[in-house]
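K.L.:
Here numbering that gives the first Met the number 0 is used: the first residue of the sequence shown is 0, the next is one more, and so on.
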Amino acid sequence: MWRLFSDNKDFYMLRVQNEGNSINLSVTDLLLIWRSQLSESEIVKNFKENNSNVSAGNEDILSGFFDLIKDSTIGTIFINEKNKEFVEVILENSEDSAMATSKITYKFKLCKAEQQQFRNELTVPSIQTIYLLEKQKELLLSVIKKKDRELEEYKMEKGGLISRSDLITEKFDSCVLDSDEQETGFFNLFTKQQNEDFWLKLTENNGEIKKSNLSIEVEPWNAQPKRKITHSVNRKPCMSK
0 MWRLFSDNKD
10 FYMLRVQNEG
20 NSINLSVTDL
30 LLIWRSQLSE
40 SEIVKNFKEN
50 NSNVSAGNED
60 ILSGFFDLIK
70 DSTIGTIFIN
80 EKNKEFVEVI
90 LENSEDSAMA
100 TSKITYKFKL
110 CKAEQQQFRN
120 ELTVPSIQTI
130 YLLEKQKELL
140 LSVIKKKDRE
150 LEEYKMEKGG
160 LISRSDLITE
170 KFDSCVLDSD
180 EQETGFFNLF
190 TKQQNEDFWL
200 KLTENNGEIK
210 KSNLSIEVEP
220 WNAQPKRKIT
230 HSVNRKPCMS
240 K
């Protein structure tokens, strides 16, 4: 998972990935991406070089390093030096953190990655995220419409109102999800059928994204809306004795 941070007026994202016995550190400013591949022993060495007054075991050093990366409340990231070819990142624990018993600092020098790496780590995952969010939106809209139908059926069959006023809702209007920025943003990118070919080609070259079932099966009995049926009973007038 990427972690966002800012340095002065510049914004960055940082990610740490475990791949076997190596740790991949990536930083991007959304224009370029810099990377460094480290071993666990190099992380420990980095700790000891920058924190000579702190004594800690290797396992504690590694777990503390990952905690600083993941939790923005205990770890601070800033850029010490940057150019197109490399960037030096400094990672420190927050002095006001409840876990801060002593000052901890890491310094990492990351080298500029190839343009293909930027595509693989940022561009393609961003497109995949847009696709997944659109499919989830379609699923949620389908669920809401079915729930509206369910309430209508209930009212027709039971002939009454919802007993609790806090549960009463208006019929959902999907237009409320539309944005005024649809022409300039990435809204509804994959809802158009003609873009499915693009998605197929993307998955062929970059693999499918992992996702749970994004469809809901409609029960046969609920395939079509029902009509309210009113039964009338003819009663014979009472005969007075």
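Even for Gly, the Cβ is constructed at its ideal location relative to N, Cα and C.
From this set, N52, D9, D196 and W1, which residue's C-alpha is nearest L24's C-alpha?
P.N.:
W1
K.L.:
Looking at the structure shown, is V123 part of a helix, part of a strand, or coil, going by DSSP?
P.N.:
helix
K.L.:
Would you report the Cα separation of L109 and F85, rounded to the nearest angstrom?
P.N.:
5 Å
K.L.:
So within the region 4-77, which uninterrupted beta strand (DSSP E) runs reach at least 3 residues, ignoring any that extend past its ends?
P.N.:
9-18, 21-27 and 32-38
K.L.:
Go through its chain and collect everything with a Cβ distance to F64's Cβ below 6 Å, but skip five positions before and after it.
P.N.:
If we look at F64 and ignore the five residues flanking it on each side, its Cβ neighbours are I42.
K.L.:
Please go through the same chain and pick out, in chain order, the residues whose beta-carbon is closer than 7 Å to the beta-carbon of E264, but skip the five residues on each side of it.
P.N.:
Residue coverage of the chain in this structure runs from 0 to 240, which leaves residue 264 outside it and unanswerable.
K.L.:
Is there a Cβ of chain B sitting closer than 8 Å to that of K111, yes or no?
P.N.:
Among the chains of the structure shown, chain B does not appear; only one protein chain is present.
K.L.:
Is N82 helix, strand or coil when you go by DSSP?
P.N.:
coil
K.L.:
Quick one: grab the DSSP three-state call for S162.
P.N.:
The answer is coil: DSSP assigns S162 none of H, G, I, E or B.
K.L.:
Please work out which residues of its chain come closer than 6 Å, Cβ to Cβ, to I60, disregarding the five sequence neighbours upstream and downstream, and give them in chain order.
P.N.:
Leaving aside the five residues that flank I60 on each side, the residues in its chain whose CB is nearer than 6 Å to its CB run, in chain order, V43 and F46.
K.L.:
What does a CB cutoff of less than 7 Å around K111 pick up in its chain, not counting 5 residues either side in sequence?
P.N.:
L31, W33, K83, E84 and F85
K.L.:
For the beta strand (DSSP E) containing F107, name the first residue and the last one.
P.N.:
T104 to K111
K.L.:
Locate the alpha helix (DSSP H) running through K200, then write down its first and last residues.
P.N.:
E195 to N205
K.L.:
Given this structure, state the Cα-to-Cα distance separating I22 from S62, to the nearest angstrom.
P.N.:
13 Å
K.L.:
N49 and K8 - do their beta-carbons sit closer together than 8 Å?
P.N.:
Result no, Cβ atoms of K8 and N49 do not sit closer than 8 Å.
K.L.:
In terms of DSSP beta bridges, what is V175 paired with?
P.N.:
Residue pairing for V175: DSSP places it in no beta bridge.
K.L.:
Quick one: residues in its chain with C-beta nearer than 8 Å to the C-beta of E18, no 5 flanking neighbours on either side, listed in chain order?
P.N.:
none
K.L.:
Spatial neighbours of S101 within its chain, please: CB distance less than 7 Å, with the 5 preceding and 5 following residues excluded, ordered by chain position.
P.N.:
V53
K.L.:
Suppose you measure from the CA of Q135 to the CA of S162; what does that come to, to the nearest Å?
P.N.:
Answer to the nearest angstrom: the Cα atoms are 31 Å apart.
K.L.:
Quick one: grab the DSSP three-state call for L188.
P.N.:
coil
K.L.:
Report the rounded CA-to-CA distance for D28 versus E149, giving the unit in angstroms.
P.N.:
48 Å
K.L.:
Just to confirm, are V88 and I78 a CB contact at a threshold of 8 Å?
P.N.:
Yes; because the gap between Cβ atoms is below 8 Å, this pair is in contact.
K.L.:
Might you give, ordered along the chain, the residues of its own chain that have their beta carbon closer than 8 Å to the beta carbon of K170, omitting 5 neighbours on each side?
P.N.:
D147
K.L.:
By DSSP, does I89 sit in helix, in strand, or in coil?
P.N.:
Three-state DSSP puts I89 in a strand.
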